[in-house]
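J.:
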Amino acid sequence: FVVTELVRGGNLESLLKSKDDGSNEYANICCKLSDRQLLNIALQVALGMQHLEERKCIHRDLAARNVFIDSNKVAKVGDFGLARNISDDGLYIKTSCVRPYPSIKSPLSLVSRLSTGYQMPRPHQCSEELYTLMSSCWNENPLMRPSFNDIVHQLEYFSREVKRTYIIIMEDEITSRVDLK
Numbered sequence: 040f041v042v043t044e045l046v047r048g049g050n051l052e053s054l055l056k057s058k059d060d061g062s063n064e065y066a067n068i069c070c071k072l073s074d075r076q077l078l079n080i081a082l083q084v085a086l087g088m089q090h091l092e093e094r095k096c097i098h099r100d101l102a103a104r105n106v107f108i109d110s111n112k113v114a115k116v117g118d119f120g121l122a123r124n125i126s127d128d129g130l131y132i133k134t135s136c137v138r139p140y141p142s143i144k145s146p147l148s149l150v151s152r153l154s155t156g157y158q159m160p161r162p163h164q165c166s167e168e169l170y171t172l173m174s175s176c177w178n179e180n181p182l183m184r185p186s187f188n189d190i191v192h193q194l195e196y197f198s199r200e201v202k203r204t205y206i207i208i209m210e211d212e213i214t215s216r217v218d219l220k
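Following the working numbering, the numbering of the sequence shown begins with 40 at its first residue and continues without gaps.
#1: For I108, which three-state DSSP category applies?
#2: Using 7 Å as the threshold, is the C-beta distance between L101 and V191 below it?
#3: Let me check one thing: in DSSP terms, what residues is K34 bridge-paired to?
#4: Between V201, E200, D189, Q193, which has its C-alpha nearest E93's C-alpha?
#5: Mind listing, in chain order, the continuous alpha helix (DSSP H) runs of no fewer than 4 residues lying wholly within the region 143 to 181?
#6: Please check the pair I143 and L54, which I expect to be a contact at CB under 8 Å, by giving their CB distance rounded to whole angstroms.
#7: Between which two residues does the alpha helix (DSSP H) holding G87 run?
#8: Quick one, which of C165, S148, T43 has its alpha-carbon nearest V201's?
#9: Distance, Cα to Cα, P160 vs L169?
#10: To which residues does DSSP link N188 through a beta bridge?
#11: H2: buried (16+ other C-beta within 10 angstroms of its C-beta) or exposed?
#12: So, under 8 Å CB-CB, M88 and V46 are touching, yes? Tell me the CB distance rounded to an integer number of Å.
#13: Can you find the residues in the same chain that come closer than 8 Å, C-beta to C-beta, to I68, ignoring five residues on each side of it along the sequence?
#14: List the endpoints of the continuous alpha helix (DSSP H) containing S57.
#15: Determine the direct distance from the alpha carbon of L51 to that of T155, and round the result to whole angstroms.
#16: N178: buried (16+ other C-beta within 10 angstroms of its C-beta) or exposed?
#17: Among residues of its own chain, excluding the 5 on either side of L194, which ones have a beta-carbon nearer than 6 Å to its beta-carbon?
#18: Leaving aside the five residues before and after S186 along the sequence, list all residues of the same chain whose C-beta is less than 7 Å from its C-beta, in chain order.
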């Protein structure tokens with residue numbers, strides 16, 4: 040038996056897909072979660088994966104549907120049904136039951152596009168710096184991809200920058216309000 044925490048907030052996929060009208064199509068997530076909240080969730084997931092990486096464990100199915108969000112918006116990596124320890128020779132097989140590029144319908148089209156270096160486009164609400172980090176995670180050569188330790192450090196830096204930018208904006212707004220009086 041495996042006993043796990045009850046996480047009442049559901050999974051990240053449901054949170055990102057949910058609309059106010061109850062439909063299950065992807066909504067405009069920038070309106071549902073702030074940039075700060077999205078970055079915080081990404082950092083929490085990266086910290087969880089860093090913990091696994093340090094213990095030589097590979098999750099093998101990290102996806103929004105396997106990240107659970109509690110009522111305090113704390114992200115928890117779950118569903119270890121495919122998780123494996125890395126053997127001494129470091130070999131493992133990655134499997135997945137979902138299509139990674141849902142907008143590309145044909146498997147042949149996907150293979151063709153990926154073979155020419157295609158990557159998903161940058162979401163409009165995503166900074167260039169964050170997209171660069173995302174792109175590095177998609178590197179064809181696994182040895183060239185960042186470790187979760189590297190990802191955590193980058194996301195922590197982005198988080199500090201978002202906070203600093205927010206404080207500067209707030210200071211500007213306060214100054215502007217004072218000037219108006």
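Note that CB positions come from ideal geometry on N, CA and C, so glycine has one too.
T.: According to the structure shown:
#1: Here residue 108 refers to the residue found at position 69 of the sequence shown. In this structure, I108 counts as strand in the three-state DSSP scheme.
#2: As a working note, residue 101 is residue 62 in the sequence shown. As a working note, residue 191 is residue 152 in the sequence shown. The criterion of a C-beta distance shorter than 7 Å is not satisfied by L101 and V191.
#3: The structure shown does not extend to residue 34, since the chain is modelled only from 40 to 220, so the question has no answer here.
#4: The sequence position of residue 93 within the sequence shown is 54, counting from 1. Taking each of V201, E200, D189, Q193 in turn and checking the Cα distance to E93, the smallest one comes out for D189.
#5: Listed in chain order, the complete alpha helix (DSSP H) runs (minimum 4 residues) inside the region 143 to 181 are 146 to 154, 167 to 176.
#6: As a first step, residue 143 must be located in the sequence shown, where it is residue number 104. As a first step, residue 54 must be located in the sequence shown, where it is residue number 15. Contact between I143 and L54 does not hold, since their C-beta atoms are separated by about 24 Å, which reaches or exceeds 8 Å.
#7: In the sequence shown, residue 87 corresponds to position 48, counting from 1. First-last of the alpha helix (DSSP H) with G87: 74 to 93.
#8: Residue mapping note: residue 201 aligns to position 162 of the sequence shown, counting from 1. That would be C165, whose Cα lies nearest to the Cα of V201.
#9: Translated into positions along the sequence shown, residue 160 becomes position 121. Translated into positions along the sequence shown, residue 169 becomes position 130. Approximately 12 Å, taken between the alpha carbons.
#10: In the sequence shown, residue 188 corresponds to position 149, counting from 1. According to DSSP, N188 shares a beta bridge with no other residue.
#11: Residue coverage of the chain in this structure runs from 40 to 220, which leaves residue 2 outside it and unanswerable.
#12: Here the question's residue 88 lines up with position 49 in the sequence shown. Here the question's residue 46 lines up with position 7 in the sequence shown. Contact between M88 and V46 is ruled out by a C-beta separation of about 17 Å, above the 8 Å threshold.
#13: Working through the sequence shown from its first residue, we reach residue 68 at position 29. Low local confidence applies: a pLDDT of 46 at I68 is under 50, so the model's placement there is unreliable, and no value is given.
#14: The residue given as residue 57 occupies position 18 in the sequence shown. Looking at the DSSP string, S57 is not in any alpha helix (DSSP H), and its letter there is neither H nor E.
#15: If you number the sequence shown from 1, residue 155 lands on position 116. If you number the sequence shown from 1, residue 51 lands on position 12. C-alpha separation (whole angstroms): 31 Å.
#16: As a position in the sequence shown, residue 178 is number 139, starting the count at 1. N178 comes out exposed.
#17: Numbered from its first residue, the sequence shown carries residue 194 at position 155. Close CB contacts of L194 within its chain, under the 6 Å cut and outside five residues either way in sequence, are with A81, L82, A85 (chain order).
#18: For this step, residue 186 is matched to residue 147 along the sequence shown. Correct list, in chain order: E92.
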